[in-house]
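Trainee:
In this note's numbering, the protein residues as written are 31 to 147.
In structure tokens, the structure reads:
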């Protein structure tokens, strides 16, 4: 007869990083952005209800979001977009658990590069 093993539910955590290196240029403040996340992240359908479920930490140019409940990566991408509405920054996924704030790359046509016949 086979012996059943106790299956303990794994305590899963979701950890995401936001690399905010444009803070060095003075475009926005990381403290204000962290406060924005504290106010806008929804847990169980309510904003500002983080409790012990979601932890937001700020280190110089990096913000870390750790959640004990399922947390959508797409939702985390949506929040910085709301905060950076008119700035020349956009959110890019650099790897599976990290987002990066980057400047838009605007290509400019140079007059000297075109050859005239």
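Backbone N, C-alpha and C fix where the C-beta goes; we use that ideal spot for every residue, glycine too.
Give the secondary structure of residue 79 by DSSP, where H, G and I count as helix, E and B as strand, and everything else as coil.
Mentor: Coil at residue 79, not helix or strand.
Trainee: Give me the Cβ distance between residue 127 and residue 45, rounded to the nearest whole Å; I'm assuming they're in contact under 8 Å.
Mentor: 6 Å
Trainee: State the CB to CB distance for the pair residue 148 and residue 66, rounded to an integer number of angstroms; the pair is presumed to be in contact (CB under 8 Å).
Mentor: Since the first residue shown for the chain is 31 and the last is 147, residue 148 is missing from the structure and cannot be characterised.
Trainee: Label residue 122 either buried or exposed according to how many other C-beta atoms from any shown protein chain fall within 10 Å of its C-beta, with 16 as the threshold for buried.
Mentor: With fewer than 16 other Cβ atoms within 10 Å, it is exposed.
Trainee: If we define contact as Cβ-Cβ less than 7 Å, is residue 132 a contact residue for chain B?
Mentor: Here there is only one protein chain, and chain B is not present.
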